[in-house]
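Per our numbering: the sequence shown = residues 121 to 525.
Single-structure report; data block below.
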Amino acid sequence: MKKLWPLFVCLVVLVGGIALSFPFFALYLHHHKGIPMGWVGFFLFLSVVAGACSSAIGGELSDHWGRKRVMVFSLFLSCVVTLGMAFAIWKNVPAGWLILIHIVRSFLGQAFDPTARGWVADQFPSHQRARAYSFLRTAHNLGWAIGPALGGFLAESSYFLLFLLTGTCIFFCWIWILMALPDQSIVGTQMHWRLREMWLSLKDPRFSSYLIYVFFLGALMGQLITTFSVHAFDFVHVSERQIGLLFSLNGACVVCLQVLATRFLTRWRLTHCLAWGSLIYAVGFCGVGFATTFWHLAIAVIIVTLGEVSVSPSLPTLAANLAPAPIRGRYIGMQGLAHMLGWAMGPLVGGWGLQTLSVVYPWLTWVLLSCLGVAAARGFWTLQKDIQESEDGLLVEVVVPQGAV
């Protein structure tokens, strides 16, 4: 795992910086700008759709232009736009401009993620990728454990400072990747590409089925960032600082559990990890609806975290394992597209549920959302029959007959 350390450091700083501010953006629009939660969910839906499109485009571009080049380009532009967001908040510009800037930042920044995952897939064989992604997931959640705790504290005094610090962290990551990350990408020979080429991966029936289940799971996972925070604030009546602590609890649990969980789960099929993880997600989010105290929410977050450590390394690993090597970035990018589109539906559907259903029955929105996890679990479980053991994350031993050598 030594070769992953430059990316590990980058992810700790990048995710920690982003987690300082963006989980609180929905609260800022709702409570400081007076925008109804249904509209906040719609605006965040547009933002995540922009990021989803960027994920697919970024993965495709990395096959043609190289992984490192796309990562550096994405970080630089994301830094510029995030600092612009901080300036706009400082000047107290109308909410419409903030939403537009947020959508642009989402589009520019999201290209980094599938490109980084493609870079990792280039470095490791199929049976080692889950462990590599797990290692980086630990970095992701180490940043997630630090960022929201500090962000929840600062959100009570200055949203401008939140986004300024986020932009500074992204600037550091841009310099770090530029200087420290070796570019050993497996890329195509053509520098030009056509947008319609991205959709050719959908001709693979196994992969297209996989994307449907990823979409369902993504729609459920997306509730943690926006819908959860507003529900906790409005219906459980916890403070912004406590919400930040809940996000940090999620990150800290993943840091403690991810590597151990992956070592245990390496003996399992990836499809089994995804199916069971989806069910655990469903149980955890269903529990959110019945929470009445901070500690009830903490228990629900821990359950959700158990689902996260199961599914998070498995999602990109299975996409990479199903992909032909020359177009691995395309498959990972399309997996990111499906996942992010699910995340986009999360705030939209969840925000509508909070505004209409939860005012009568606070638990009803979460029970209905949990059905997405059940649907995803069933899909992943049935997918295993169409996937080879080596693609499903198992190390297949090749037996050489006696006398063959």
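Don't be surprised by glycine CBs; every beta carbon is placed ideally from N, CA and C.
Remember, predicted model here, so these are calculated numbers, not experimental data.
{"query": "According to DSSP, is residue 389 part of a helix, a strand, or is it coil?", "result": "coil"}
{"query": "If we count the other Cβ atoms within 10 Å of its Cβ and call it buried at 16 or more, is residue 212 buried or exposed?", "result": "exposed"}
{"query": "Whole angstroms is fine: what's the gap from residue 162's alpha carbon to residue 124's?", "result": "37 Å"}
{"query": "Which whole-angstrom value is the C-beta distance of residue 120 and residue 328, which I expect to be below 8 Å?", "result": "Residue coverage of the chain in this structure runs from 121 to 525, which leaves residue 120 outside it and unanswerable."}
{"query": "If you drop the 5 nearest sequence neighbours on each side, which residues of the same chain put their C-beta closer than 7 Å to that of residue 395?", "result": "497, 500 and 501"}
{"query": "Any idea what DSSP makes of residue 153, helix, strand or coil?", "result": "coil"}
{"query": "Determine the direct distance from the alpha carbon of residue 202 to that of residue 291, and round the result to whole angstroms.", "result": "10 Å"}
{"query": "If you follow the alpha helix (DSSP H) that residue 279 is in, where does it begin and where does it stop?", "result": "279-300"}
{"query": "DSSP three-state label for residue 129, please.", "result": "helix"}
{"query": "Indicate the three-state DSSP secondary structure (helix, strand or coil) for residue 515 in the structure shown.", "result": "At residue 515, the pLDDT of 48 sits below 50, so the modelled position is not reliable; the number obtained from the coordinates is stated separately. In this structure, residue 515 counts as coil in the three-state DSSP scheme."}
{"query": "Assuming residue 478 contacts residue 406 (C-beta within less than 8 Å), just tell me the rounded distance between them.", "result": "With 8 Å as the limit, residue 478 and residue 406 do not qualify as a contact, their Cβ atoms being about 14 Å apart."}
{"query": "Considering only C-alpha positions, which residue in the set 176, 357, 353 and 428 is nearest to residue 228?", "result": "176"}
{"query": "Under 8 Å, do residue 427 and residue 486 count as touching if we go by C-beta distance?", "result": "no"}
{"query": "If you compare alpha carbons, which of 469, 259, 234 and 293 is closest to residue 435?", "result": "234"}
{"query": "Going by C-alpha distance, which of 187, 238 and 136 is nearest residue 451?", "result": "238"}
{"query": "When you compare each of 508, 448 and 412 to residue 186 by their alpha carbons, which one comes out closest?", "result": "448"}
{"query": "Which stretch, first to last residue, makes up the alpha helix (DSSP H) that contains residue 273?", "result": "249-275"}
{"query": "Under a Cβ-count criterion, where at least 16 other Cβ atoms within 10 Å of its own Cβ denotes burial, should residue 482 be classed as buried or exposed?", "result": "buried"}
{"query": "Once you ignore the five residues that flank residue 333 on each side, which residues in its own chain have a CB closer than 6 Å to its CB?", "result": "496, 499 and 500"}
{"query": "Is residue 245 helix, strand or coil when you go by DSSP?", "result": "coil"}
{"query": "By Cβ distance, which residues of its chain are closer than 6 Å to residue 368, with the 5 residues on each side in sequence left out?", "result": "265, 268 and 269"}
{"query": "Any idea what DSSP makes of residue 449, helix, strand or coil?", "result": "helix"}
{"query": "Counting along the chain, where does the alpha helix (DSSP H) carrying residue 330 start and finish?", "result": "325-341"}
{"query": "Could you give the DSSP three-state label for residue 234: helix, strand or coil?", "result": "helix"}
{"query": "Taking all protein chains shown into account, do 16 or more other C-beta atoms lie within 10 angstroms of the C-beta of residue 378, making it buried, or fewer, making it exposed?", "result": "buried"}
{"query": "With DSSP collapsed to three states, give me the class of residue 371.", "result": "helix"}
{"query": "DSSP state of residue 240, grouped into three classes?", "result": "helix"}
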